[in-house]
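Here's the structure, in structure tokens; my notes come after.
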Amino acid sequence: MPLSRTIALIIGIIIILGLSLWLINSLIQLYWQLSWSSPLLGNLLLILVVICIAALIAGFVYYILVIQTGEQRQRRKRRQQANIQVPDATPEAASSTLQAVRQQLEQVQDEVTRQALLSKSRELETNLARGEIQVVVFGTGSAGKTSLVNAILGRVVGKVDAPMGTTQVGETYCLRLKGLERKILITDTPGILEAGVAGTEREQVARELATEANLLLFVVDNDIRQSEYEPLRALAEIGKRSLVVLNKIDLYTDEDKEVILARLRERVRGFIAPSDVVAISANPQVVELEEGGIFQPEPEILPLLKRMAAILRAEGEDLVADNILLQSLRLGEEARKVIDAQRRRQATKIVERFQWIVAGVVSATPIPVVDLLATAAVNAQMVVEIGRVYGCDLNLERGKELALSLGKTLASLGIVKGALQLLSVALQTNIGTFILGRAIQGVTAAYLTRIAGKSFIEYFRNDQDWGDGGITEVVQRQFQLNRRDEFMKSFIQEAIARVVKPMANG
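Take a look at the structure:
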């Protein structure tokens, strides 16, 4: 717990106890008066006072330890997620965000990765300039997505009444709606929730296409199932403008249709408006006539076309800008992960270099007890170089201060002693006892320097913040990660090559 919170907790409890003593003193007099007249009533009063005091202290402790901690955690989480400011959804804001992402991409060192991300950013810029509306038809394979696309376009562009899985990849067509000058692209996607590996792969394609949509048509043919509800809710949560389309209403009576519509509107209440749940029949069933012929009814999609036109007229520009913003932020997050991995590799190389420098220093000038404080000057330079990787310009004095602080934490947690025992056992099985005493100090110093360096990487990754658990939690986590058998085996082998063999040869 941070010192400031500990002090606040102590002061608060003292104040509460002081007030409680004053209250108790006042109530004691009342207690004695009641005891003479009614002992039972006096005892009940005493119990009530004790319960109130305990509840007051418990409430205060809960506020300090739980509520304030939770609030601080939320503030820190919001600060960490604010890599790119999200402006209002306008074309200018989308363009500004794209420019910020392009600047971020300049930090990516790998040429192939940088060019791939730059290509995505240029594609987003092109889409913003064109102002095209991307409508994506999404849903299960049996809901009638392809039939809907055929009905909207007024021509057959895909197979209907076919087995699930017919649409293998997204297929895009151009659409014109009366009264709209913008070009509209409508994409038929593979069905979701299909069985097998191939079905899972097709669903992934469909989800990717859905996240790029300006307007999403989520097609169902009955009340929505939980397996359908979850992807719809997830897409709505990332800002996808969606219409829920109840298809195949020719299979239901008017009464049943209204019941299903009511259920759908209730299930999506809170993230999709009732007016955005519409009923259609994209491919009505053939009707057999009494005289022996057959009649093919026309598709009933006018309610959907009217709603789409109303949305696109009123929100078209904002939908384009909002979608570009969303995709820009996703691209920025992808770039941030690449940069983070890049910085991790660079910082880890610095740690590995300094851990063997420290090993050499300690091996050349043995000390009675292995203590990271003895190598604080070396570790200070390591801290400065790691900070530089993460864009933090520290002076050597600040680096030394951080190194000393972490060294004291290592000692107080018993990690120095634990590392000595761990490495002594590991080295005994690999080298002779003659040079073991000299080697153990250097190897242990290298190991402790590695834990320190890895801890500082986490510190700088989190904007010079040790997190809710403080420096102690970070150091303990790194110690546990770096004592695993697989790592220890490779570390000991490298330590023998870099420290033990040169000592034996010397």
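In this note's numbering, the protein residues as written are 30 to 535. Glycine included, C-beta positions come from ideal geometry on N, C-alpha and C.
Check, Outcome
"N-terminal and C-terminal residue of the alpha helix (DSSP H) that Leu182 is part of", "174-182"
"Length of the line joining the Cα atoms of Val165 and Leu153", "17 Å"
"Whether Ala481 touches Leu433 by CB criterion (8 Å)", "no"
"Exposure label - Lys483; buried when at least 16 CB within 10 Å", "buried"
"Exposure label - Ile540; buried when at least 16 CB within 10 Å", "The shown model of the chain, from 30 to 535, leaves out residue 540, and the question about it has no answer."
"Whole-number beta carbon distance between Leu452 and Val472, since they are thought to touch under 8 Å", "5 Å"
"Three-state secondary structure (DSSP) of Val315", "coil"
"Buried versus exposed call for Gln144 [16 or more other C-beta atoms within 10 Å across all chains shown]", "exposed"
"Candidates Val380, Arg372, Glu426, Ala455, of which the one nearest Gly420 by Cα", "Arg372"
"Pick from Val130, Gln505, Leu435, Gln493 that is closest to Asp422, judged by C-alpha positions", "Gln493"
"Length-filtered (3 minimum) beta strand (DSSP E) runs lying within the segment 227-308", "244-249, 270-275, 306-308"
"Pick from Val367, Ser256, Ala122, Ile215 that is closest to Leu238, judged by C-alpha positions", "Ile215"
"C-beta atoms of Phe300 and Phe247 nearer than 8 Å", "no"
"Residues sharing a beta bridge with Phe324, DSSP", "Val316"
"Classification of Lys378 by the beta-carbon crowding that lies within 10 angstroms, buried from 16 upward", "exposed"
"Alpha carbon of Glu257 to alpha carbon of Asp369, nearest angstrom", "35 Å"
"Close Cβ partners of Gly428 (< 7 Å) along its chain, the five nearest in sequence each way excluded", "Ala409, Gln410, Val412, Val413"
"Exposed unless 16 or more other CB atoms sit within 10 angstroms - verdict on Asp514", "exposed"
"Where Gly471 sits in the DSSP three-state scheme", "helix"
"Nearest candidate by alpha-carbon position, reference Gly443, set Leu477, Leu456, Ala265", "Leu477"
"Sub-8 Å separation of Ala474 and Val391 beta-carbons", "yes"
"Thr501 - containing alpha helix (DSSP H), residue span", "499-510"
"Stretch-stretch touch, CB-based, cutoff 8 Å, three pairs: the segment 275-282 with the segment 306-325", "yes"
"Simplified DSSP state of Gln101, which is helix, strand or coil", "The pLDDT assigned to Gln101 is 44, lower than 50, so where the model puts this residue is not dependable; a value taken from the coordinates is nonetheless given after this. DSSP places Gln101 in helix when its eight states are reduced to three."
"Pairwise C-alpha distance: Asp139 and Arg159", "30 Å"
"Three-state secondary structure assigned by DSSP to Glu344", "helix"
"Residue(s) in a DSSP beta bridge with Gln163", "Leu214"
"Spatially closest choice to Ser441 from Asn352, Ile415, Arg490, Ile500, by CA coordinates", "Ile500"
"Classification of Asn516 by the beta-carbon crowding that lies within 10 angstroms, buried from 16 upward", "A small fix is needed here, since residue 516 is Phe in this sequence, not Asn. Its Cβ having fewer than 16 others within 10 Å, Phe516 is exposed."
"Distance CB(Val418)-CB(Ala376) smaller than 8 Å", "yes"
"Backbone secondary structure at Gly389 - three-state DSSP", "helix"
"Leu435 versus Gln505, Ala388, Gly447, residue with shortest Cα-Cα distance", "Gln505"
"Closest by C-alpha distance to Gln522, when choosing among Leu456, Ile162, Glu317", "Leu456"
"Distance between Ile181 and Glu7 (C-alpha atoms, nearest Å)", "Because the chain here runs from 30 to 535, residue 7 falls outside it and cannot be looked at."
"Residue nearest to Glu363 in terms of C-alpha spacing, selected from Glu381, Arg131, Leu245, Ser125", "Arg131"
"Identified DSSP bridge partners for Gly168", "Val248"
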